[in-house]
Amino acid sequence: MILLLAALTVLVVLPAGMLVYASFLDAPPRPGSVHGNFTLDNYAAIGTERNFRATANSLIIGLGGTLFALVGGSMLAWLFARSNVPGKWLVGIAGVAPMFMSALVTSLAWSILASPKRGYINIFFESLGFDFGIDIYTLTGIIWVMGISYMPYVFLLVSSSFSMMNPELEEAAAMSGASKWKTFRTVTFPLVAPATIGASLLVFVLVLENFPVPQILGSKADVATLPSYIYSLMRLTPAHSNEAAAVSIILTVLTFLLVFLQNLYVRKRNYTTVSGKGFRPKLIDLGVWRWPAFIAVTIYIIVSVVLPFLALFLNAAIGQRFIASISDLLDFSALNLNRFVDMLTMNDVQLGLQNSLYIALGTALFGTLLYFIMTYTVQRTRAPGRRLIEYIGMIPLAVPSLVLGLGFLWSWFLLPIPLYGTIAVLVLAYAVRFMPQGYTGISSSLTQIHPDLEDSAFLSGASRARSIWNITLPLLRSGLVSTMLLIAVLTMRELSTAVFLFSSQTRPISIVIFDQWENGSLANAAAISLLYSLLLLVLTVISQRFSKSRAQL
Numbered sequence: 150m151i152l153l154l155a156a157l158t159v160l161v162v163l164p165a166g167m168l169v170y171a172s173f174l175d176a177p178p179r180p181g182s183v184h185g186n187f188t189l190d191n192y193a194a195i196g197t198e199r200n201f202r203a204t205a206n207s208l209i210i211g212l213g214g215t216l217f218a219l220v221g222g223s224m225l226a227w228l229f230a231r232s233n234v235p236g237k238w239l240v241g242i243a244g245v246a247p248m249f250m251s252a253l254v255t256s257l258a259w260s261i262l263a264s265p266k267r268g269y270i271n272i273f274f275e276s277l278g279f280d281f282g283i284d285i286y287t288l289t290g291i292i293w294v295m296g297i298s299y300m301p302y303v304f305l306l307v308s309s310s311f312s313m314m315n316p317e318l319e320e321a322a323a324m325s326g327a328s329k330w331k332t333f334r335t336v337t338f339p340l341v342a343p344a345t346i347g348a349s350l351l352v353f354v355l356v357l358e359n360f361p362v363p364q365i366l367g368s369k370a371d372v373a374t375l376p377s378y379i380y381s382l383m384r385l386t387p388a389h390s391n392e393a394a395a396v397s398i399i400l401t402v403l404t405f406l407l408v409f410l411q412n413l414y415v416r417k418r419n420y421t422t423v424s425g426k427g428f429r430p431k432l433i434d435l436g437v438w439r440w441p442a443f444i445a446v447t448i449y450i451i452v453s454v455v456l457p458f459l460a461l462f463l464n465a466a467i468g469q470r471f472i473a474s475i476s477d478l479l480d481f482s483a484l485n486l487n488r489f490v491d492m493l494t495m496n497d498v499q500l501g502l503q504n505s506l507y508i509a510l511g512t513a514l515f516g517t518l519l520y521f522i523m524t525y526t527v528q529r530t531r532a533p534g535r536r537l538i539e540y541i542g543m544i545p546l547a548v549p550s551l552v553l554g555l556g557f558l559w560s561w562f563l564l565p566i567p568l569y570g571t572i573a574v575l576v577l578a579y580a581v582r583f584m585p586q587g588y589t590g591i592s593s594s595l596t597q598i599h600p601d602l603e604d605s606a607f608l609s610g611a612s613r614a615r616s617i618w619n620i621t622l623p624l625l626r627s628g629l630v631s632t633m634l635l636i637a638v639l640t641m642r643e644l645s646t647a648v649f650l651f652s653s654q655t656r657p658i659s660i661v662i663f664d665q666w667e668n669g670s671l672a673n674a675a676a677i678s679l680l681y682s683l684l685l686l687v688l689t690v691i692s693q694r695f696s697k698s699r700a701q702l
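Letter 452 of the sequence shown, counting from 1, is numbered 601 in our numbering, and no numbers are missing.
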């Protein structure tokens, strides 16, 4: 228990504490020296116009992206769970398809599709004679990409709520003379309100802390958010590290408040609609709107997934060739696929893929072991202070990825262990980053295993360790493997945590893509992104297939 608390203190509490500490210093933490003079100047610098603008942009993008994701995700969820729309399998794919592309790749794809001058969509409209263009490098463009990226989160949360809804409540309203709209407004929507509000707060947190989208789409138009502003402060010469720490505290406080509100709302509201009586939600007949709804879903898939993938492919295959019209864009005879081969044989790409696989495997193994120890200690022991473990495990939920990476950077300056610039520090950082997801996943699985099974073995003379090894772990195997796959997929998608922690020899593939974009090699970035997305697709499909087979056991 003491060792576990000590480990969690080093991994979770220390990075957060270092951020607070550095925000009150006049000198940045350095290897072997984390001291400086006390000052409030870093917080005074927060009052600059640029910081206010970044904060305002973050809130606007957060609200806009959340609203877009909520409306789109809820509509898809309702069509999937409650309607008789044809091709329902396609609606299910539409709900989760954007997850196959990370936010980094999605923003790169849309910079190719909708840049104001040479974006493929604008070239298409010009070829048709339309005198207008789309500019993705705006607040609206960032909101668009954020909404598409996080719509699957709303879909997954809200569709399950729609699926478990008792149809008798809606039938009672209909029998009372209520119209379909009134029934939806007074019965259906209030019943899914906890899911929609919970999803909204979750998406708002994710949008608020997102770094790659505003960095890629906002930097050209000087549309900074708090994460991209923190990154720019660290990139100055010399770096304004202490000011970045102060801004990080603001971002962390905002996300903490949102997480607190989410938990408070979920605990206080009670919308029990599932009882011991079996039922199947009644499908609502769309009538003449069945096929228009199907067409709308098809268009959404084309816009959100097919076009971005196509843009990445064409940009990588076309390279630097000038595109003046749609005919140039569709001249497939001029496509060159050698770039994909070149990228696969490039040392940086090979090393990046290798590092990403090592980091994903290491994080999945170490993280799952740590999460199991935490969960078992909280649920199956009477150790004093065990609830503190649960609270510490939820802290990373309120700490943005970029901020967590900065805290880790300075924490390992303080500790005597030389881990900075190694794969190990990235594994530890990712394990902390995804601790809430891993802990929650294993906790739900362990709850389903009755403790009497272990106690019986213990009373028969088996040691506690032997009882865990022979009884608990075999029963928990599917839950552990499912958690490992989830953590591996999340690790492969992550960029922000590694931004301040990698070295030239430990760059994950996401950093390689980001560096190619920063260096102006958009075609190379597109080619690597396509390969990277295909790898994510394979991992995601494996994870989902395993989860489905587990659910059928």
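Glycine is no exception: its CB is placed at the ideal position from the N, C-alpha and C atoms.
Skipping 5 residues on each side, what residues in its chain have a beta carbon closer than 6 Å to that of residue i?
i: V454; result: A246
i: V423; result: Reliability of the predicted coordinates at V423 is poor, the pLDDT of 46 falling under 50, and no value is obtained from them.
i: G290; result: L366
i: L684; result: none
i: L157; result: I541
i: G516; result: A580, G587, I636
i: A218; result: G296, Y299, M300, V303, V352
Spell out whether any CB of chain D is found under 8 Å from the CB atom of residue i.
i: G590; result: Looking at the structure shown, chain D is missing, and only one protein chain is on hand.
Thinking C-beta only, is residue j closer than 8 Å to residue i?
i: S505; j: P657; result: yes
i: G628; j: G587; result: no
i: A176; j: I450; result: no
i: A578; j: G542; result: no
i: F583; j: L639; result: yes
i: G511; j: V576; result: yes
i: N464; j: L686; result: no
i: A611; j: L688; result: no
i: L400; j: H389; result: no
i: V354; j: L407; result: yes
i: S232; j: L432; result: yes
i: N191; j: A394; result: yes
i: R488; j: G468; result: yes
i: L174; j: N391; result: yes
i: N673; j: M492; result: yes
i: A203; j: A373; result: yes
Between residue i and residue j, which are expected to be in contact by the criterion C-beta below 8 Å, what is the C-beta distance as a whole number of angstroms?
i: G282; j: F274; result: 7 Å
i: V336; j: T215; result: Not quite, the Cβ-Cβ distance comes to about 25 Å (not below 8 Å), so this is no contact.
i: T571; j: T655; result: 6 Å
i: S592; j: S276; result: With a Cβ gap of about 55 Å, S592 and S276 do not count as contacting.
To the nearest angstrom, how far is the alpha carbon of residue i from that of residue j?
i: S560; j: A321; result: 59 Å
i: I508; j: V552; result: 19 Å
i: A344; j: D280; result: 43 Å
i: W293; j: L459; result: 18 Å
i: Y420; j: R334; result: Reliability fails at Y420, whose pLDDT of 47 lies under 50, so the model's placement of it is uncertain and the value that follows must be treated cautiously. For Y420 and R334, the distance between alpha carbons rounds to 16 Å.
i: L306; j: T632; result: 18 Å
i: A647; j: S397; result: 16 Å
i: V169; j: D434; result: 56 Å
i: D480; j: I270; result: 16 Å
i: N619; j: W259; result: 51 Å
i: V183; j: F360; result: 27 Å
i: G213; j: R531; result: 46 Å
i: E350; j: L478; result: Inspection of the sequence shows that residue 350 is occupied by Leu rather than by Glu. Cα to Cα, L350 sits roughly 41 Å from L478.
i: R529; j: A370; result: 54 Å
i: M495; j: I660; result: 15 Å
i: D497; j: A466; result: 20 Å
i: E539; j: F338; result: 32 Å
i: L486; j: A342; result: 49 Å
i: S256; j: I472; result: 21 Å
i: W238; j: G196; result: 51 Å
Ordered along the chain, which non-local residues of its own chain (more than five positions away) have a Cβ less than 7 Å from that of residue i?
i: V106; result: Here the chain comprises residues numbered 150 to 702, so residue 106 is not present and cannot be evaluated.
i: V581; result: L160, V161, P545, L553
i: L403; result: L357
i: Y681; result: V254, I658, I662
i: L625; result: S594, L595, I598
i: V574; result: F557, W561, L568, L650
i: A165; result: I544, V548, G556
Output needed for residue i: all residues of its chain with C-beta closer than 8 Å, excluding positions within five of it in sequence on either side, in chain order.
i: P301; result: G222, G244, V245, A246, P247, M248
i: G425; result: The pLDDT assigned to G425 is 44, lower than 50, so where the model puts this residue is not dependable, and the model offers no usable value.
i: P180; result: F562, Y569
i: D601; result: none
Whole runs of the alpha helix (DSSP H) within the region 347-434, excluding any shorter than 4 residues: 361-367, 375-384, 390-417
Quick one: which unbroken alpha helix (DSSP H) runs of 4-plus residues sit fully inside the region 563-614? Chain order, please. 572-582, 584-596, 601-608
Minimum length 4: unbroken alpha helix (DSSP H) runs contained in the region 199-287: 237-245, 252-263, 269-276
Would you list, in sequence order, the uninterrupted alpha helix (DSSP H) runs of no fewer than 4 residues that lie entirely inside the region 457-518? Scanning the region 457-518 from its first residue to its last, the whole alpha helix (DSSP H) runs of 4-plus residues come out as 475-478, 487-494.
Give the list of continuous alpha helix (DSSP H) stretches no shorter than 4 residues that lie fully inside the region 641-672. 658-667
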